[in-house]
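Residue numbers (the working numbering), protein chains in the order written: chain A, 1 to 138; chain B, 1001 to 1091. C-beta atoms are modelled at their ideal positions from N, C-alpha and C, and glycine is treated no differently. Some notes on the structure that comes next.
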């Protein structure tokens, strides 16, 4: 089995790396200081963009449905909580200040995303229920 | 499902369910190769249809959260890149 069905070029990877670095700085986040690790993730993001049309988290199984995967489009919805609790996001693309300083070691962290069965179905957001005719049920 | 086989020392049945884009999966695969054990691996993100459903069902037996990597050593499931745990399980 080939490791790469589609291999983004080094130029594309480097370009995304610089973009991620710039966006992280502007947003007050820290990228993982291991440049090769981050470039590996940048490659995964580009592969997923090519494959699904959106940059799904490279460390999670995407469904190929953008609405279903909205929560795992990088940066995912779980990044802030994971960086705060474990010192890194699920992929370890983003890390905490303590990890950056070397005060905390990085590793694989538990999955915060609820299993598919427990995730709220997209389009069924909480709010007033509408009848088939579009009238609000009272 | 077509698993890829990596030859090495026979430590029983070792199966790695991975994603082709995941760095922690890559690290797990590299660790197994460095330990020199025989194992099978599959990239679930590259599977389609029935093969994908079958792989998902197998992973869920060990890891209901369906996260990656999921490594199965004998009947023990190890979720995530847990170097110490993997080394211990492989004795």
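Residue closest to residue i, alpha-carbon to alpha-carbon, out of the options
i                      : options                           : result
residue 1038 (chain B) : B:1017, B:1001, B:1061 and B:1012 : B:1012
residue 83 (chain A)   : A:67, A:112 and A:66              : A:112
residue 104 (chain A)  : A:116, A:118, A:110 and A:85      : A:85
residue 1089 (chain B) : B:1053, B:1073 and B:1069         : B:1073
Cβ of residue i within 8 Å of any chain A Cβ
i                      : result
residue 1019 (chain B) : yes
residue 1080 (chain B) : yes
is_contact[residue i, chain B] using C-beta, thresh 8 Å
i                     : result
residue 63 (chain A)  : no
residue 21 (chain A)  : no
residue 85 (chain A)  : no
residue 115 (chain A) : yes
residue 105 (chain A) : no
Chain-ordered chain A contacts of residue i [CB-CB under 8 Å]
i                      : result
residue 1097 (chain B) : Lying before the first or after the last residue shown, residue 1097 (chain B) is absent from chain B, which here runs from 1001 to 1091.
Neighbour list for residue i in chain A, Cβ cutoff strictly below 9 Å
i                      : result
residue 1016 (chain B) : Going along chain A, no residue has its Cβ under 9 Å from residue 1016 (chain B), so there is no contact; the nearest lies around 12 Å.
Interface partners of residue i on chain A, CB under 7 Å
i                      : result
residue 1061 (chain B) : Under the 7 Å cutoff, chain A gives no residues; its nearest Cβ is about 14 Å from residue 1061 (chain B).
Interface partners of residue i on chain B, CB under 7 Å
i                     : result
residue 111 (chain A) : 1065 and 1067
residue 108 (chain A) : 1024, 1080, 1081 and 1082
Meets three-Cβ-pair contact criterion under 8 Å: the segment 62-70 of chain A and the segment 42-54 of chain A
yes
Contact between the segment 95-103 of chain A and the segment 14-30 of chain A: three or more CB pairs below 8 Å?
Verdict: yes, contact present.
Members of the segment 34-52 of chain A that neighbour chain B once the beta carbon cut-off is set at 7 Å
37, 40, 41, 44, 47 and 48
Going along the segment 1030-1046 of chain B in order, which residues come within less than 9 Å of chain A, judged by CB to CB distance?
1041, 1042, 1043, 1044, 1045 and 1046
Can you find at least 3 beta carbon pairs, one from the segment 8-25 of chain A and one from the segment 34-52 of chain A, that sit closer than 8 Å?
yes
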